[in-house]
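Here the structure is laid out as C-alpha cells; the discussion comes afterwards.
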Amino acid sequence: MSTKPRTLFDKIWESHVVNRQDDGTCLLYIDRHLTHEVTSAPAFEGLRTNKRKVRRPDLTLAVADHNVPTTDRAKGIEDAESRLQIETLRQNCKEFGIRLYDMDDIRQGIVHIIGPEQGFTLPGLTIVCGDSHTSTHGAFGSLAFGIGTSEVEHVLATQTLLQKPAKNMLVEVTGKLPNGVGAKDIILAIIGKIGTAGGTGHVIEYSGDAIRGLSMEGRMTVCNMSIEGGARAGLIAPDEKTFEYLKGRPMVPKGAAWEAAVAYWKTLPSDPGARYDRELRLAAAEIPPLVTWGTSPEDVVPVTGTIPTLDAAKDATQREAYERKYEYMGLKPGQKLSELKVDHVFIGSCTNGRIEDIRSAAAVVKGRKVAKGVRALLVPGSGLVKEQAEQEGLDRIFREAGFEWREPGCSMCLAMNADKVGYGERCASTSNRNFEGRQGRGGRTHLMSPAMAAAAAIAGRLADVRELQ
Amino acid sequence: MDKFTKLTGVAAPLPRVNVDTDAIIPKQYLKTIKRTGLKAGLFYEWRTNQDGSEKPDFVLNKPAYKNAQILVAGANFGCGSSREHAPWALLDFGIRCVIAPSFGDIFFNNCFKNGMLPIALPQAEVDKLMQDAEKGANATISVDLEKQEITRPDGGVIKFDIDPFRKYCLLNGFDDIGLTLRQKEKIDGYEAERRRTMPWLDGSRAA
Chain A
67 MSTKPRTLFD KIWESHVVNR QDDGTCLLYI DRHLTHEVTS APAFEGLRTN
117 KRKVRRPDLT LAVADHNVPT TDRAKGIEDA ESRLQIETLR QNCKEFGIRL
167 YDMDDIRQGI VHIIGPEQGF TLPGLTIVCG DSHTSTHGAF GSLAFGIGTS
217 EVEHVLATQT LLQKPAKNML VEVTGKLPNG VGAKDIILAI IGKIGTAGGT
267 GHVIEYSGDA IRGLSMEGRM TVCNMSIEGG ARAGLIAPDE KTFEYLKGRP
317 MVPKGAAWEA AVAYWKTLPS DPGARYDREL RLAAAEIPPL VTWGTSPEDV
367 VPVTGTIPTL DAAKDATQRE AYERKYEYMG LKPGQKLSEL KVDHVFIGSC
417 TNGRIEDIRS AAAVVKGRKV AKGVRALLVP GSGLVKEQAE QEGLDRIFRE
467 AGFEWREPGC SMCLAMNADK VGYGERCAST SNRNFEGRQG RGGRTHLMSP
517 AMAAAAAIAG RLADVRELQ
Chain B
215 MDKFTKLTGV AAPLPRVNVD TDAIIPKQYL KTIKRTGLKA GLFYEWRTNQ
265 DGSEKPDFVL NKPAYKNAQI LVAGANFGCG SSREHAPWAL LDFGIRCVIA
315 PSFGDIFFNN CFKNGMLPIA LPQAEVDKLM QDAEKGANAT ISVDLEKQEI
365 TRPDGGVIKF DIDPFRKYCL LNGFDDIGLT LRQKEKIDGY EAERRRTMPW
415 LDGSRAA
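Protein chains in written order, with this note's numbering: chain A, 67 to 535; chain B, 215 to 421.
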C-alpha cells in the first residue's frame, strides 16, 4: 500500500482489488448490486444457459421501477411487454434467491432511491447496477457506477468486475447558494461548464462548503447526474450528515458493528494533498436558477436568459448541432426562456424524487393552482417517500393545486410506462435527460429543479421561481 | 462471444456529436427480455417517420449502406444510458465496429462484451474516414485488430490504440465470466478476509 496522499476514490478502489493484471486491469470486488427489470433478463438467461449460479444472492437487491404504472396498481399492467418484463424479474429473483421489492411492497420505488432508503447503500462500498444513474449512491462516499447487462451477468456469477481505474477529477463548489438555487442548479451548472463528455474516463469528487452544506438528498441529486457530465461515478466524502442519514435504517449495521463501520468510514475522505488529474472550482454565489434549452444536458442557461444564437456555437459542428436543436425543440435563437409555454410538468425521477424535492416543490405550489392546459405529475421516488409526503400533508397541497399524485416509479423520466410527453409537446421536468425522444417521441424536455418545475406548473410557462416566493 | 480479428466492409457516415443511447435505441425496444432482434429499433426515431415508414434520406436506409459493417460517427458516441441494447441493436444490423473521436464510457465498455470493436481516433483521422464513408458502397474500409490498423479505400493506413487485455479477449472471443471464474480461489480468499475484518458488510440481509 502506498503512503502518498490518496483520494477517496483511490482508497475505495485499492480496498476492493481482488487481482491486478500486469496491464493494470483489476478484478474488483462488488459489495452491492442493485437490479431492475429492464437490464437484467438476458443476464439471468445467460446464467441459466451456462448452468451458473448467483455467487452471492444476499448482495443483490431487485426492484421493478422502469415499467411500473404510476396509476392504480390494483389494475395490473396493461402493456403486455411491460408486464412480461416484470413477471420475468419476479421469476428470476425467485429462481436465484434474490430479494425483490415487488409492486405491492411499500419499499418499492426507483432503484436509486430505495438503495439509500434501506441502508443497502453504505460508504466505502463498490455498488453497481445496470443503470447509468447508479452514480447517485456516490453521495454516500461509495464508488457506484452503471454497467451493461453483460456485466450484470458477470457480477451475478462472480461478485466481481474487470475494470481499469478511472482518473480523479475534483469539482469544488464554495460559498453560499443564492436564494432559489439548489442541488439541481449546482449539477446543471457543472455540466454546463465541463460539457456532456467533460468527465469521461473520470470519477468526479464533489467538495467544498456548498456541497457539504447540502442535505443527503441534495448530494444524491448532484452525484446522480455525474453521468450527464460523462463521468461514470460521482463521489462525496462521508461525514456526520451521512452517518446521521444512515443510522437506524433497516440494512445498516447496528450496535458494535455500527461503531466499527463509522470508525472505518471516517478514514475514507481524501487525504490532504491528494492529487487529482483535473480540478474545477465554482462559486456557488454565481449560480442562478438554471434550465436546459436543447437536447443535451450541457445546454444550460439561466431561466432569465435567452436561447443561444449561432454566434455562441464554438465551431461548425456545434452550429449544425444547434440548428438541429432549434428545430427539434421548436425554438428561435435569441428567444426568451420565459416565453416558452409548457404542456407538461414532471416532478420525480431518481434525480429529484426524494422527500426534500417534494417539499421544495410543495412550498412553491402551496395555495396556488396549476395553469390551465398544463398536465402536472408528481411521482414520488418510492412508496416510503410517498408515505412520508402524505404524512406531512404534501399530497393535499399538490392535489388541491391540480397536480396528479401518483404511485412511485421512473415514470415520465424515460416514458417506458404509460406516462409520456406527446409529439411537439413541451415538458418542464426534474429528470436528468433532455435527449430527443427521451420523454416520448417528439417530446421537448427542459430540465430544472423541483422548485422551478413547480413554478412552471403555476405559470404555465418556464418561470423564475424567485418571482413566486 | 464471436472473435473479432479482421473486418472489411462498407462504412456508414454519421457525422453527429453526442449520439446518445436513447437515439441509438429508444425505450420501447427496451421492453424485450432478449438481446437479439433489435435492429428494428436501431436509430428508430431518425430512421422512421412518425407513421413508422422509412425516411429514405437517413444514412442506414440508403441502399449503399444497407450492409454497412462499420459506423463512423462524431465525438462522445454512445453517451447516456447504460442500455446494452445499443450495441446489441448495432450488432443485429450488422455493424461490428464504430469509429469516433470519443465514446461514452459505458457504451464503449459494453461493445467489447459483444465481440464489437469501438475505435477512438483523433478528430483529424475520423474526418478522413468520414470522407471515405461518404463515398458509399464502392469504398470499403478494413480493420485489422491484430495489427491495430485501419486501411482506407486508397490504401492509406491509420494506426489505432487498444487496451491489450481487451484486444486479447476480442481476438480469442473470450467470455469474461469464464476467465474470472478461473480466479475463484482469489475471490474466495478476498471474501474470507473481508468477512473477518468488516463483518458488517454482510449485513444486507438484516431487514
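All C-beta atoms, glycine included, are put in the ideal place defined by N, C-alpha and C. For clarity, every value in this text was computed on a predicted model and none was experimentally measured.
(request) Alpha carbon to alpha carbon, how far is Gln362 (chain B) from Asp445 (chain B)? Give it in angstroms, no decimals. (result) Outside the modelled stretch of chain B, which goes from 215 to 421, sits residue 445 (chain B), for which no answer is possible.
(message) I need the straight-line Cα distance from Leu305 (chain B) to Val224 (chain B), nearest angstrom please.
(response) A direct Cα-to-Cα measurement between Leu305 (chain B) and Val224 (chain B) gives close to 14 Å.
(request) On a CA-only basis, which of A:Gly246, A:Ile252, A:Asn234 and A:Ala232 is nearest Thr240 (chain A)? Give me that one, please. (result) When each option's Cα is compared against that of Thr240 (chain A), the closest is A:Ile252.
(message) Counting only Cβ pairs nearer than 8 Å, list the residues of chain A close to Arg249 (chain B).
(response) Those are Pro108 and Thr215, listed as they occur along chain A.
(request) Grab the span of the alpha helix (DSSP H) containing Cys289 (chain A) for me, first residue to last. (result) Counting along the chain, the alpha helix (DSSP H) containing Cys289 (chain A) begins and ends at Met282 to Asn290.
(request) Could you check the C-alpha separation between Glu147 (chain A) and Cys493 (chain A) for me, to the nearest Å? (result) Whole-angstrom Cα-Cα distance: 26 Å.
(request) Just the chain A side, please: which residues come within less than 7 Å of Ala289 (chain B) by C-beta, in chain order? (result) Neighbours of Ala289 (chain B) on chain A, chain order: Ala263.
(message) Check whether chain A comes within 7 Å of Ser293 (chain B), counting only Cβ atoms and requiring the distance to be less than that.
(response) Note on residue identity: the sequence assigns Cys, not Ser, to residue 293 (chain B). Yes, contact with chain A.
(message) Can you confirm whether the region 231-239 of chain A touches the region 264-277 of chain A when touching is taken to mean that 3 or more C-beta pairs between the two stretches lie within less than 8 Å?
(response) With the cut-off at 8 Å, the region 264-277 of chain A and the region 231-239 of chain A touch.
(request) Determine the direct distance from the alpha carbon of Glu259 (chain B) to that of Leu274 (chain B), and round the result to whole angstroms. (result) For Leu274 (chain B) and Glu259 (chain B), the distance between alpha carbons rounds to 12 Å.
(request) Can you tell me the Cβ-Cβ gap for Met291 (chain A) and Asn498 (chain A), rounded? I've got them flagged as a contact below 8 Å. (result) Yes, they are in contact, since the Cβ atoms of Met291 (chain A) and Asn498 (chain A) sit about 5 Å apart, within 8 Å.
(request) With 7 Å as the threshold, decide whether the Cβ of Asp402 (chain B) is near any Cβ in chain A. (result) So, not an interface residue.
(message) Applying the 10 Å Cβ sphere with the 16-neighbour rule, what's the burial state of Ala128 (chain A)?
(response) The residue in question, Ala128 (chain A), is buried, as its Cβ has 16 or more Cβ neighbours within 10 Å.
(request) Answer with yes or no whether the minimum CB distance from His203 (chain A) to chain B is below 7 Å. (result) Closer than 7 Å: no.
(request) Verify the CB distance criterion: does Phe206 (chain A) have a CB-CB separation below 7 Å to chain B? (result) Cβ-Cβ to chain B under 7 Å: no for Phe206 (chain A).
(request) Indicate whether Met344 (chain B) and Val286 (chain B) have their beta-carbon atoms separated by less than 7 Å. (result) Taking a C-beta distance under 7 Å as the contact criterion, Met344 (chain B) and Val286 (chain B) qualify as a contact pair.
(message) Restricting to Cα atoms, I'd like to know which of A:Tyr272, A:Thr126 and A:Gly190 is closest to Arg344 (chain A).
(response) Cα-wise, what sits closest to Arg344 (chain A) is A:Tyr272.
(message) Can you tell me where the beta strand (DSSP E) holding Gln454 (chain A) begins and where it ends?
(response) Taken as a continuous stretch (DSSP letters only), Gln454 (chain A) belongs to no beta strand (DSSP E), being part of the alpha helix (DSSP H) at Gly449 to Gln457.
(message) For the structure I just gave you, are there three or more beta carbon pairs, one from the region 391-399 of chain A and one from the region 460-474 of chain A, closer than 8 Å?
(response) Taking a contact to require three or more Cβ pairs closer than 8 Å, the region 391-399 of chain A and the region 460-474 of chain A do not qualify as touching.
(message) Under 8 Å, with one C-beta from each stretch per pair, do the region 402-415 of chain B and the region 101-119 of chain A reach the 3-pair mark?
(response) The region 402-415 of chain B makes no contact with the region 101-119 of chain A; the number of CB pairs closer than 8 Å stays below 3.
(request) Pull up the distance between the alpha-carbon of Ala379 (chain A) and that of Gly264 (chain A), whole angstroms please. (result) Rounded to the nearest angstrom, the two C-alpha atoms are 17 Å apart.
(message) Taking 7 Å as the threshold (beta carbon to beta carbon), is Asp319 (chain B) in contact with chain A?
(response) Output row for Asp319 (chain B): interface = yes.
(message) From the DSSP secondary-structure annotation, give me the bridge partner or partners of His299 (chain B).
(response) Partner(s): none; His299 (chain B) has no beta bridge.
(message) Among A:Cys476, A:Gln535 and A:Gly509, whose alpha-carbon lies nearest the alpha-carbon of Gly175 (chain A)?
(response) That would be A:Cys476, whose Cα lies nearest to the Cα of Gly175 (chain A).
(request) Specify whether the region 112-120 of chain A and the region 213-223 of chain A touch according to this definition: at least 3 beta carbon pairs, one from each stretch, less than 8 Å apart. (result) The region 213-223 of chain A and the region 112-120 of chain A touch, with three or more beta-carbon pairs separated by less than 8 Å.
(message) Counting only C-beta atoms, is Phe379 (chain B) closer than 7 Å to chain A at any point?
(response) Answer yes: the Cβ-Cβ gap between Phe379 (chain B) and chain A drops below 7 Å somewhere.
(request) Give a yes or no on whether 7 Å exceeds the smallest Cβ distance from Asn232 (chain B) to chain A. (result) At a cut-off of 7 Å between beta carbons, Asn232 (chain B) contacts chain A.
(message) Let me check one thing: in DSSP terms, what residues is Val334 (chain B) bridge-paired to?
(response) First, the amino acid is wrong: residue 334 (chain B) is Ala here, not Val. In the DSSP output, where bridge partners are listed per residue, Ala334 (chain B) has B:Ala314.
(request) For the region 135-146 of chain A and the region 185-192 of chain A, state whether three or more C-beta atom pairs, one from each stretch, are separated by less than 8 Å. (result) In short, these stretches do not touch, since the Cβ pair count stays below three.
(request) With DSSP collapsed to three states, give me the class of Cys416 (chain A). (result) Looking at Cys416 (chain A) - three-state DSSP - the assignment turns out to be helix.
(message) Just checking: is the beta-carbon of Met482 (chain A) within a distance shorter than 7 Å of some beta-carbon in chain B?
(response) Taking 7 Å as the threshold, the shortest C-beta distance from Met482 (chain A) to chain B falls below it.
(request) To the nearest angstrom, report how far apart Asp171 (chain A) and Phe272 (chain B) are at their CA atoms. (result) When rounded, the distance between both Cα atoms is 45 Å.
(message) I need the straight-line Cα distance from Gly546 (chain A) to Thr73 (chain A), nearest angstrom please.
(response) For chain A, the structure presents residues 67 to 535; residue 546 (chain A) sits outside this window and is missing.
(request) List the residues of chain D whose Cβ lies closer than 9 Å to the Cβ of Gln264 (chain B), in chain order. (result) In the structure shown, chain D cannot be found, because the protein chains are A and B.
(message) Tell me the DSSP secondary structure of Gln157 (chain A) in three-state form.
(response) Looking at Gln157 (chain A) - three-state DSSP - the assignment turns out to be helix.
(request) Quick one: using the 10 Å Cβ neighbour count with 16 as the cut-off for buried, is Glu533 (chain A) buried or exposed? (result) Glu533 (chain A) counts as exposed, since fewer than 16 other beta carbons sit within 10 angstroms of its beta carbon.
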